[in-house]
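Notes follow once the structure below has been shown.
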Amino acid sequence: MFNGRLVTLFVLFLLFPLELHAEGSSKAVIAFAQDTLKNDFRKAQVMAVKDAADRHPQLKFVYSDAQGKTSLLIRQIERFIAQQVEILIVGTNDEQAVVPVISKAHEAGIKVIVLDRGVKTEKYTTFINSDNVEIGAIGGRYIAKALNGKGKVLLFEGIQTADVTQLRSKGFLQEMAGYPEISVIKRTGNYLRKDALVEMEKLLAGGERVDAIFAESDSMLSGVRPVLRKYGIDPASIIMVGCDYTSEARDAIVAGTQTGSVLFPLGGEESVAAALELLAGKELPKHIVNPVKLVTQENVEAVRPIF
3 MFNGRLVTLF VLFLLFPLEL HAEGSSKAVI AFAQDTLKND FRKAQVMAVK DAADRHPQLK
63 FVYSDAQGKT SLLIRQIERF IAQQVEILIV GTNDEQAVVP VISKAHEAGI KVIVLDRGVK
123 TEKYTTFINS DNVEIGAIGG RYIAKALNGK GKVLLFEGIQ TADVTQLRSK GFLQEMAGYP
183 EISVIKRTGN YLRKDALVEM EKLLAGGERV DAIFAESDSM LSGVRPVLRK YGIDPASIIM
243 VGCDYTSEAR DAIVAGTQTG SVLFPLGGEE SVAAALELLA GKELPKHIVN PVKLVTQENV
303 EAVRPIF
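Numbering (this note's numbering), first residue to last: 3 to 309.
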């Protein structure tokens, strides 16, 4: 009976974050409804917002973890709406499914900041992201040049329902289309090292070999490297470009076991800066773009990882 009650309380905590407004509190609440904390980038993104918000005593920061489940993310956003938070930051895994609940938050007068992954509606306050088509294009241009226009390339895609996946793939494949002697195969790793490890294992067990890999997150390359070693393939012998530019990617670039990474800002500082502007009654652009850059051994020592 006791254990059953604990499980019930844990499930309720996940579904419905704690009440936010203590009686008499004058703090403005920033709530971050995040897709998942199992992904290194998504977890670091939440912590980046928290760190930035904690520097402002007039702000209270809370967050939820949807564990990669869109239905749970929607319920958690519904709860934040009911709690009448002042600012809602959303990181989604499905650009379409969350539209009704994000529209509901916007119509309720909550300032909605869509972070990183876009949604198929204009009913939000501002969208903070980077040019994901350009991210894919940067990876494609670099790999095509490194291969001298010939070879087989593996494109490791992220979550298929996320707009960032579709846009990065679009930019990459547009670049590859200019090189008829480069063939591209695709696998889905969902931005997770575990899923990329499983898919890479299947690919190599089936006898497939590639000359280069473009992964839409560094986490997926972290799953690729041990599988390559298992099959006697030196990771340094394959051109591998990831995205995000994490500390792990930095170390791999320095060691020569990853060729490069496209730096993709977390957006934590920018989100809190936007929240403060909105709380002060100021207008923001509908779209705020964070710049990206390619990091290789040539500039790795000069560029700070995102986490």
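In this text, a Cβ means the ideal position worked out from N, Cα and C, and glycines have one as well.
Judged by DSSP secondary structure, N134 falls within the alpha helix (DSSP H) whose first and last residues are N134 to A148. Contact annotation: L268 and Q36 have beta-carbon atoms that are not nearer than 8 Å.
With respect to F216, I145 sits close: the two C-beta atoms are nearer than 8 Å. In the three-state scheme derived from DSSP, where H, G and I count as helix and E and B as strand, F216 is classed as strand. Boundaries of the beta strand (DSSP E) around K62: L61 to D67. If you ignore the 5 residues before and after G225, its C-beta comes within less than 6 Å of the C-beta of R195, A198 and L199, all in its own chain and listed in chain order.
In the DSSP assignment, Q47 falls within the unbroken alpha helix (DSSP H) covering D42 to D56. Distance check between N192 and each of P59, L61, K71 and D56 places K71 closest, using alpha-carbon atoms only. Three or more Cβ pairs closer than 8 Å define a contact, and the region 291-309 meets that threshold against the region 259-268. Sequence-distant partners of D213 (beyond 5 residues in either direction) whose C-beta falls short of 8 Å from its own C-beta, in its chain, are L149, G153, K154, V155, I240 and I241. In this structure, the alpha-carbon of E272 lies about 23 Å from that of I140. In this structure, L278 sits away from L286, with a CB-CB distance that is not shorter than 8 Å.
Bridge pairing for Q36: D67 and G93 [DSSP].
Counting other Cβ atoms within 10 Å of its Cβ, D53 stays below 16 and is therefore classed as exposed.
Within the same chain, and ignoring the five residues on either side of S105 in sequence, the residues whose Cβ sits closer than 7 Å to its Cβ are T123 and K125.
Spanning the alpha carbons of V166 and T94 requires a straight line of approximately 11 Å.
Of D56, V31 and R57, the smallest CA-CA separation from I112 is found for V31.
Bounds of any alpha helix (DSSP H) do not take in K152, whose DSSP letter is neither H nor E. The continuous alpha helix (DSSP H) containing T167 extends over residues D165 to M178.
Annotation: T259 is outside any alpha helix (DSSP H) and is labelled neither H nor E by DSSP. Proximity to A257 across R189, V302, L175 and I115 peaks at V302, based on C-alpha coordinates. The secondary-structure analysis by DSSP pairs A30 across a beta bridge with L61. The three-state secondary structure of I187, taken from DSSP, is strand.
Annotation: N131 to T38 spans about 18 Å, alpha carbon to alpha carbon.
Shown here, E159 sits in a strand according to DSSP, grouped into three states. Leaving aside the five residues that flank E136 on each side, the residues in its chain whose CB is nearer than 7 Å to its CB run, in chain order, G173 and V294. Between K29 and L61, the gap from beta carbon to beta carbon is short of 8 Å. At the C-beta level, T190 and Q168 stay beyond 8 Å of one another.
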